[in-house]
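Heads up, the sequence shown is in the numbering used here, so the first residue is -5 and it goes up one at a time.
Beta carbons: idealized from backbone N, C-alpha and C, even for Gly.
Just so we're clear, the structure is a prediction, and the values are computed from it rather than from any experiment.
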Amino acid sequence: MAFWAGGSPSIVDYFPSEDFYRCGYCKNESGSRSNGMWAHSMTVQDYQDLIDRGWRRSGKYVYKPVMNQTCCPQYTIRCRPLQFQPSKSHKKVLKKMLKFLAKGEVPKGSCEDEPMDSTMDDAVAGDFALINKLDIQCDLKTLSDDVKESLQSEGKNSKKEEPHELLQSQDSVGEKLGSGEPSHSVKVHTVPKPGKGADLSKPPCRKAKEIRKERKRLKLMQQNPAGELEGFQAQGHPPSLFPPKAKSNQPKSLEDLIFESLPENASHKLEVRLVPASFEDPEFKSSFSQSFSLYVKYQVAIHQDLPDECGKTEFTRFLCSSPLEAETPPNGPDCGYGSFHQQYWLDGKIIAVGVIDILPNCVSSVYLYYDPDYSFLSLGVYSALREIAFTRQLHEKTSQLSYYYMGFYIHSCPKMKYKGQYRPSDLLCPETYVWVPIEQCLPSLENSKYCRFNQDPEAVDEDRSTEPDRLQVFHKRAIMPYGVYKKQQKDPSEEGAVLQYASLVGQKCSERMLLFRN
């Protein structure tokens, strides 16, 4: 089975929706409905394909709202970072952070442009009891040695490489993102690849046209050292070795705003570290206690959770455990693919953590929690802007990685509509699974909670399940197509759930992922 070359397949248990649950958005006690599956393991490509069909994960639980039945339809939303331009309110947030870092300035009054929950989803808030139950059930039947032996016998398993740590100093990141300020350093755990990619310790490459312009300017200065040439006052200074700065009437880029230089005596130092979400990683393990304490503080203050509801078990289950198998292909980003915690360290203390997945085509935002004492910094908006800039940085090495997924857009929920402010962005059509610019979707959403965004009435789901018998099943130590498996079963009621699963995950994933049956 060649589609598992290089790693283990995704292995899932599917749980069709049997009832309605409490909605975490409108608080309807029996309004939310979704189908879900417990992922024992999952490849990053399978998860990429699943989120492009409206799925989303919470820990190892992967769920898909029943869009035409649930009270608050949840549309997958993605931003296009390569075309993104920060709005006026975004610039205010970035300038506010710079003033705080440089001078310790704390803005007066509340931040009216900051939503209460910046990058938070309560998507499965009503399903916690269900997920806890599934966690216990699935842990009890976690893949046995029989499963592993079966996979190994067909050459499915490969040894995982131990991650190495690479510290990108701000000197290197700065040249890439436009700043040499140490208070904005980024720490990344990655597998170093000598000889691959640009040498970040050297000035950025320039086009030949820019070099010719620089030579011409130098020649003119030598001929007329005291004169004013094309708006440039010589004053005895050597010509710049870098391209001239943009004219003042041109807007600053997102990177210019984030990585603007700070004075040497800056009041605060901010460092962003990318850490794999794995207890095998020493930095993740050493910072776990501080990160967990921050999570509890956030949940109690922002969501009014009781401390007993924020135990280490819950924290680990939802924000540390991930089904995604870490991958470091040679053509992928230096940090590899998988699940990560992006930690924001202020003066040696964690003040925010963004949980993200790095996938073949996108950075997917999972969750954000932060120190309520620093709410004045609008950390929800700030972290989203940093993640957009991070996506752009990863795109430089991995060209297909060019989107930033923000989870679900819920038009009927005021506190979740803020995601539409990151433009340009697209919403996923819940019937044909094509992306449609959000501007084209909003008029329809004003009239109806549930909408088909694809305006072509003849369009269909291109990856719909057309050959369910090719779906892969794992049953009694054996991997087999569903066409073979169903001949061995006497219970006809099982077929409905399997066919529903196939229709929701699509033909490609149904042939790659293993559906666990006991």
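Taken through DSSP and simplified to helix, strand or coil, residue 454 comes out as coil. Secondary structure of residue 503 (DSSP, three-state): helix. Contact between residue 348 and residue 381 holds: CB atoms are separated by about 6 Å, below the 8 Å threshold. Annotation for residue 416: 73 place their beta carbon closer than 6 Å to its own, counting only its chain and skipping 5 residues before and after.
In the structure shown, the three-state DSSP call for residue 337 is strand.
Each of 424, 399 and 5 was checked against the Cα of residue 418, and the nearest Cα belongs to 399.
For residue 469, the three-state secondary structure derived from DSSP is strand. C-alpha of residue 460 to C-alpha of residue 317: approximately 27 Å in a straight line.
Beyond the five residues adjoining it in sequence on each side, residue 20 comes within less than 8 Å, by CB distance, of 65, 66, 406 and 407 in the same chain, given in chain order. Among the bridge pairs identified by DSSP, residue 72 is matched with 399 and 420.
Taking residue 361 as reference, the option from 336, 86, 445 and 254 with the minimal CA-CA separation is 336. Assignment of residue 321 by DSSP, reduced to helix, strand and coil, places it in the strand class. A distance of 7 Å or more separates the beta carbons of residue 29 and residue 54. For a cut-off of 8 Å, the C-beta gap from residue 270 to residue 334 is around 6 Å, short enough to register as a contact. In the DSSP assignment, residue 356 falls within the unbroken beta strand (DSSP E) covering 356 to 364. A contact is defined here as three or more CB-CB pairs under 8 Å, and the segment 461 to 480 fails this definition with respect to the segment 433 to 443. With a cutoff of 7 Å on beta-carbon distance, residue 52 and residue 312 are scored as near each other.
For residue 306, there is no enclosing beta strand (DSSP E); the enclosing alpha helix (DSSP H) has its first and last residue at 306 to 309. In the DSSP assignment, residue 15 forms a beta bridge with 26. By the 16-neighbour rule on beta-carbons within 10 angstroms, residue 393 is exposed.
Burial check for residue 453: the Cβ neighbour count within 10 Å stays below 16, so the residue is exposed. One Cα belongs to residue 376, the other to residue 263, and the distance between them is close to 16 Å. With 16 or more neighbouring CB atoms inside 10 Å of its own CB, residue 424 falls in the buried class.
Closest by C-alpha distance to residue 505, out of 32, 496 and 512, is 496. Note on residue 354: 16 or more other CB atoms within 10 angstroms of its CB, so buried under the neighbour-count rule. In the displayed model, residue 477 falls within a helix according to three-state DSSP. Counting only the Cα atoms, residue 252 lies some 17 Å from residue 77. Assigned with DSSP and collapsed to three states, residue 408 falls in helix. Non-local C-beta neighbours of residue 389 in its own chain, meaning closer than 6 Å and more than five positions away in sequence, comprise 395 and 396, ordered along the chain. Per DSSP, the unbroken beta strand (DSSP E) holding residue 55 starts and ends at 55 to 59. Following the DSSP letters along the chain, one finds residue 90 inside the alpha helix (DSSP H) bounded by residues 82 to 97.
Taken through DSSP and simplified to helix, strand or coil, residue 297 comes out as coil. Between residue 462 and residue 391, the CB-CB gap reaches or exceeds 7 Å. The alpha-carbon of residue 23 is positioned some 31 Å away from that of residue 351.
Excluding the 5 residues flanking it on each side, residue 386 has same chain C-beta neighbours closer than 7 Å at 75 and 76, in chain order.
Of all alpha-carbon atoms in 6, 17, 46 and 86, the one lying nearest the alpha-carbon of residue 420 is that of 46.
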